[in-house]
Structures are given as C-alpha cells and as structure tokens.
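In our numbering, the protein residues as written are 62 to 283.
Note sheet for the following structure.
Given below as structure tokens:
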C-alpha cells in the first residue's frame, strides 16, 4: 500500500514530529511504500494565487474554476502543486500529522488543502462525498494538542469533543473529496504530561497504526 504522510510542524524535537516518525517507522515495517510531504522543510507556499496555474482563462479570476481549467489541461498547475497532486494520486492512504492551533490546523496545512485538493482533481461540482474523485482511498488525522482532555468535552472549555472540533477537516475536507476517514488520533496535553505518559501515547498510536487495516475505526466510510 502506498501511504502519503503530510506533516505540518516546524520543530524536529516536537511530539508531533515523534508521531510522524513513529508512523513512518510502523508503516514502513509493515511493507507500506511511505511518501512524505514535510511542509515546513519543503517551504510549501500556502497562498492560493494566480501563479499557481500555467495558464488562466482570462475571465474573472475564480480560484476553484481555474483549478478545474488546469485539471482539464493535463494538470497545468505550478510544479509544486503538481508534485503534491502526484503523491495524493499515488497514495492509497493519507495520514495528516499536525498540531492543533486555534482548534484547527496550521495555515500551511490549510493552504495544502486549498492548493492540492483541487477542483477537478479531488472533487468537482457533482463529485463530492461518496462520489468524490478520491473515493477508494483512506485518510486519517493524527494531531497533538496542548490542552488537557477535560477541555475537549461538550461541558469543557472548548465546548466540543475532538470529533466535533475536527469535523471541518474530517468531513468537510477529506470525506468531501471521497476519502473514507478513520477516527482521528488526538494526543492531549502533550506539553505538560510526563515522559511516561508521552511514551504511552506513542504506544497507543503504534497499536492504532499496526491495526489500521485489519481493525479499522471508521468515522466515515464510502
């Protein structure tokens, strides 16, 4: 199985990095062909702009319609976008490894969604959700949060569970494109817990990844 890990953290010693490294190790050991998009190391540009396209229609600039136009012209996108689209197309499994900032993902990852999961490539007007252009592929979000578990409850400070907080990504982005989506793995309170607790979190993640295919925990399945 081909797996693409999209990683969005700038610090190699972070817990998010440790989860990315573990995912790479576990899946490689299981025989996966693992591709990596390390967005900060790559200097990935998150800004959606006119020069993302080799040619434009010349009409009122609508980024999504220009994406569709570029897709029709055999991927007439800028080289950085083409490289990422090729990885997405090759991958049977997409793993997104990211911190949670402002109860969402960093801007660099949001920009990857905007520029790479393009109209005409990942979805189209009548090709969304169960009919999305990436149907048949799987996706999972692995995230690190600095707040404790009791914040992530409907009665907690955030007034929402991790599933509710991540709905725009799991449902509105990944499932929207046709991915079958595994329940996310969210590590809580990672800056304050002991090394022993961090080790247990990594052990739990290892177990999830080792059994991702034989005992999947589906959030959305097409």
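Think of the CB as a built atom: it goes at the ideal place given N, C-alpha and C, for glycine as much as any other residue.
Owing to the predicted nature of the structure, the values given are computational and were not obtained by experimental measurement.
By DSSP, does residue i sit in helix, in strand, or in coil?
i	result
residue 125	helix
residue 112	helix
residue 147	helix
residue 105	coil
residue 185	strand
residue 250	coil
residue 255	coil
residue 67	strand
residue 99	strand
residue 78	helix
Report all residues from its chain with a CB closer than 7 Å to the CB of residue i; omit the five preceding and five following residues, and keep chain order.
i	result
residue 87	267, 270, 271
residue 143	136
residue 89	95
Drop a sphere of 10 angstroms on the beta-carbon of residue i, count the other beta-carbons inside from all chains shown, and report buried for 16 or more, exposed for fewer.
i	result
residue 199	buried
residue 127	buried
residue 241	buried
residue 113	buried
For residue i, which residues of its own chain have a beta-carbon under 6 Å away from its beta-carbon, when the five flanking residues on both sides are left out?
i	result
residue 246	203, 266, 269
residue 205	76, 77, 160, 248, 251
Where in the segment 188-243 do unbroken runs of the alpha helix (DSSP H), each at least 4 residues long, occur, reported from the N-terminal end onward?
223-226
When the Cβ atoms of the segment 69-83 are set against those of the segment 99-115, are three or more pairs found closer than 8 Å?
yes
Using 8 Å as the cut-off, can you tell me whether the segment 147-158 makes contact with the segment 73-85, which would need three or more C-beta pairs spanning the two stretches below that distance?
yes
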